[in-house]
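The structure appears right after this line, and notes come after that.
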Amino acid sequence: MRLPPFNRYIRWMQLTGVFLLGMLAGAVTLNSLFVAQFEALYHTKNELESKLEQYEQDIRGLNQYKNQHTVIKSIQLRLAESSGKRAHLDKVTEAELIKRVKEDLSIFLGQSIYKVDSDAKFARKILERKVYTDINGKDYMVELQTVLLADNVLQIWMIALPHAKAPAS
Numbered sequence: 003m004r005l006p007p008f009n010r011y012i013r014w015m016q017l018t019g020v021f022l023l024g025m026l027a028g029a030v031t032l033n034s035l036f037v038a039q040f041e042a043l044y045h046t047k048n049e050l051e052s053k054l055e056q057y058e059q060d061i062r063g064l065n066q067y068k069n070q071h072t073v074i075k076s077i078q079l080r081l082a083e084s085s086g087k088r089a090h091l092d093k094v095t096e097a098e099l100i101k102r103v104k105e106d107l108s109i110f111l112g113q114s115i116y117k118v119d120s121d122a123k124f125a126r127k128i129l130e131r132k133v134y135t136d137i138n139g140k141d142y143m144v145e146l147q148t149v150l151l152a153d154n155v156l157q158i159w160m161i162a163l164p165h166a167k168a169p170a171s
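Residue numbers (my numbering): 3 to 171.
The following block contains the structure:
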């Protein structure tokens, strides 16, 4: 049996191999760009959903207390930096942490603004070094830094630090 000479096909095989490698490199590049864009879109979506939920809660609270002028109508939480203590949190973790702390502090909605001093001390005692568990697989300890009441809005600055899980006995 006679084999055809491959000398005349070597150039075409090389061009085919380079073309296939180019297709593979292009596919890898396109896929990495797609994944990066999708991840950015996912984070933006989560951030917008948390803002929308916060705004809806604010609207419900403001409608509920619109005729009462001396009560706390809404609560704003902010993560503060204090001498490099702040943990670098992603937006999803930050939103979940703020949501959980806001649930704990929701007892202050509708309270008189003239009792904010005793209420702030109460909040500090409740949330002093409180640990929130299982937020994206991690635990965080929250410390309240500043509590300020202005225009019927209770503004609270807090620090969130990663907390080491206690070993199971």
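For glycine and all other residues, C-beta sits at the position ideal for the given N, C-alpha and C.
query: Nearest-angstrom Cβ-Cβ length linking LYS75 and ASN154, presumed shorter than 8 angstroms; result: 4 angstroms
query: Assigned exposure category for ALA152 - 16 Cβ within 10 Å defines buried; result: exposed
query: Supposed close pair LEU156, PHE110 - CB separation, criterion 8 angstroms; result: 6 angstroms
query: Nearest neighbour of LEU54, chosen from LYS101, ASN33, GLY19 and HIS90 [CA to CA]; result: LYS101
query: Sequence-distant residues of its chain with Cβ nearer than 7 angstroms to LEU146 (five each side left out); result: ALA125, ARG126, LEU129, ILE158 and MET160
query: With 16 other Cβ atoms within 10 Å as the buried cut-off, status of VAL20; result: exposed
query: Per-residue DSSP class, three states only, for GLU145; result: strand
query: Euclidean distance between Cα positions of LEU23 and PHE36; result: 20 angstroms
query: Euclidean distance between Cα positions of SER171 and ASN48; result: Note on SER171: pLDDT 47, under 50, position unreliable in the model; the coordinate value appears next. Those two C-alpha atoms are separated by around 37 angstroms.
query: Close beta carbons around HIS165, own chain, < 7 angstroms, minus the five adjacent residues each side; result: VAL133, ASP141, TYR142 and MET143
query: Ranges of the beta strand (DSSP E) found wholly within the segment 46-97, counting only runs of at least 3; result: 76-81
query: Residues of its chain near TYR67, where Cβ-Cβ distance is below 7 angstroms and the 5 sequence neighbours each way are ignored; result: VAL73, LYS75 and GLY112
query: Simplified DSSP state of ASP119, which is helix, strand or coil; result: helix
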